[in-house]
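**Q** According to the numbering used here, the sequence shown is numbered sequentially starting from 46.
All C-beta atoms in this analysis are idealised placements derived from N, C-alpha and C, irrespective of residue type, glycine included.
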Amino acid sequence: MPETARQVKKVVAAIRLRWPEVPRVAIILGSGLGGLADRIIDPVPIDYAELPHFATSTAIGHAGRLVCGWLRGFPVIAMQGRFHAYEGHPIDRVAFPVRVMQALGAERLIVSNAAGGLNPDYQVGEIMVIEDHLNFMFRNPLVGANDPELGPRWPDMGSPYTPALADLAQTIARQEGFVCHRGVYVGMLGPTYETRAEYRMVRQLGGDVVGMSTLPEVIVAVQQGMEVLGLSTVTNVCSPDQLGETSGEEVIAAAARASNKLMAIVEGVIAAIPD
Numbered sequence: 046m047p048e049t050a051r052q053v054k055k056v057v058a059a060i061r062l063r064w065p066e067v068p069r070v071a072i073i074l075g076s077g078l079g080g081l082a083d084r085i086i087d088p089v090p091i092d093y094a095e096l097p098h099f100a101t102s103t104a105i106g107h108a109g110r111l112v113c114g115w116l117r118g119f120p121v122i123a124m125q126g127r128f129h130a131y132e133g134h135p136i137d138r139v140a141f142p143v144r145v146m147q148a149l150g151a152e153r154l155i156v157s158n159a160a161g162g163l164n165p166d167y168q169v170g171e172i173m174v175i176e177d178h179l180n181f182m183f184r185n186p187l188v189g190a191n192d193p194e195l196g197p198r199w200p201d202m203g204s205p206y207t208p209a210l211a212d213l214a215q216t217i218a219r220q221e222g223f224v225c226h227r228g229v230y231v232g233m234l235g236p237t238y239e240t241r242a243e244y245r246m247v248r249q250l251g252g253d254v255v256g257m258s259t260l261p262e263v264i265v266a267v268q269q270g271m272e273v274l275g276l277s278t279v280t281n282v283c284s285p286d287q288l289g290e291t292s293g294e295e296v297i298a299a300a301a302r303a304s305n306k307l308m309a310i311v312e313g314v315i316a317a318i319p320d
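1) Go to LEU111, then tell me how far its alpha helix (DSSP H) extends in each direction, as first and last residue.
2) Using alpha carbons as the reference points, say which of TYR206, ARG219, ALA317 lies closest to ALA266.
3) Which two residues bound the contiguous alpha helix (DSSP H) that contains TYR167?
4) Between the alpha carbons of LEU134 and PRO97, how many angstroms are there, rounded?
5) With distances taken from CA atoms, which of THR240, SER157, ILE122 is nearest GLY275?
6) Could you tell me how far apart the beta carbons of ALA299 and THR280 are, in whole angstroms, since I believe they sit closer than 8 Å?
7) Which of the three DSSP states is assigned to VAL224 in this structure?
8) Whose CA, out of PRO88, ARG144, VAL67, lies closest to the CA of GLU262?
9) Taking its Cβ as the centre, do 16 or more other Cβ atoms sit within 10 Å of ARG110, making it buried, or is it exposed?
10) For the beta strand (DSSP E) that contains GLY256, what are its first and last residues?
11) Distance check for TRP199 and ALA50, CA to CA, integer angstroms please.
12) Can you tell which of ALA123, ILE91, PRO47, PRO88 has the C-alpha that lies nearest to the C-alpha of GLY79?
13) Using CA atoms only, rank isn't needed, just tell me which of PHE183, GLN125, GLY196 is closest to ALA148.
14) Tell me which residues share the same chain as MET246 and place their Cβ nearer than 8 Å to its Cβ, disregarding the 5 neighbours each side in the sequence.
15) Using only the alpha-carbon positions, how far apart do GLY345 and GLY222 sit?
16) GLN268 to ALA151, Cα distance in whole Å?
17) Assign VAL70 to one of three DSSP states: helix, strand, or coil.
18) Taking just the CA atoms, how far does ALA71 sit from MET146?
19) What residue ranges within the region 177–234 form continuous beta strand (DSSP E) runs of no fewer than 3 residues, ordered along the chain?
20) Opposite ASN281 in the DSSP bridges: which residues?
21) Helix, strand or coil for ALA303, going by three-state DSSP, please let me know.
22) Report the CB separation of VAL53 from PRO88 in whole angstroms; it is logged as a contact under 8 Å.
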């Protein structure tokens, strides 16, 4: 962990050479949701390969770059593509960019993902605000020696997602006229999609959607005292009672079709956050 703090400072210095602003919000864009980065004004794109200590994003639909610039008149920094544990990255590397964005000055994190719908009331293309999560990755980015410079040893995860931001997101969805649920995200390691027995299990345990990301970033954000808004786009329905196949291409296509809803929430939240 002490080495991590030094690495964060090195990456921050590299970014500030190209973009000196203090971001109002940090944004992580998941599978098929990278189009929001195209709405950033005066963008400064930085490929992950240009940054020291950054991993490489290999998942389909992930551009693999930071985009710094302005959204709704405020400075933001967005990850256009994230890292996943299933790509073989150590779990602390998956969450490393959050440490960098917080060190740049971002006090809030908006994290999005494409997820399978477990709740029978959810339909493909709908948005769910994450209220809580279940960690079935069985990995935690804080395992190992703790550096107090990065945050406390035992952060409280009783309310990892900021209720006021969740309320704001749902208010914006209602104003825009589309469905926006509120529920529990289940994080699985992947890269395989779940069996029907696993769907039954996580649904019985209280899960509303299931995916392969988000939790490492949120854990680190909470440790660092950031406010967090989590958004899941329902890209497929996970039915334990019928046979069917799910493909990555179909998930990305469904996420892209619903991206305007996600963009409306993200832009609305950024504009409404008090100074």
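**A** Once the coordinates are examined:
1) In the DSSP assignment, LEU111 falls outside any alpha helix (DSSP H) and lies within the beta strand (DSSP E) extending over 110–116.
2) The residue with the shortest Cα to Cα distance from ALA266 is TYR206.
3) If you look at TYR167, you'll find it isn't in any alpha helix (DSSP H); DSSP assigns it neither H nor E.
4) With the sequence shown as reference, residue 134 is identified as His, and Leu is not the correct amino acid for it. So the alpha carbons of these two residues sit roughly 15 Å apart.
5) Of the listed residues, the one whose Cα sits closest to GLY275 is SER157.
6) The Cβ separation is near 4 Å, so the contact holds.
7) Per DSSP, reduced to three states, the secondary structure at VAL224 is coil, with no helix or strand assignment.
8) Ranking the options by Cα distance to GLU262, first place goes to ARG144.
9) By the C-beta density criterion, ARG110 is buried, having at least 16 other C-beta atoms within 10 angstroms.
10) Element bounds for GLY256: 254–256.
11) If I take the Cα positions, the gap works out to 18 Å.
12) The shortest C-alpha separation from GLY79 is found at ALA123.
13) When only C-alpha atoms are compared, the closest one is GLY196.
14) By the criterion of a C-beta distance shorter than 8 Å, MET246 is surrounded by no residue of its chain, once the five residues flanking it on both sides are discounted.
15) Residue numbering for the chain in the displayed model covers 46 to 320; residue 345 lies beyond these limits and cannot be assessed.
16) Computed Cα separation, rounded: 14 Å.
17) Looking at VAL70 - three-state DSSP - the assignment turns out to be strand.
18) Spanning the two alpha carbons is a distance of roughly 6 Å.
19) List check, beta strand (DSSP E) in window: 225–233.
20) GLY161.
21) Coil, per DSSP.
22) Not a contact, Cβ separation roughly 23 Å.
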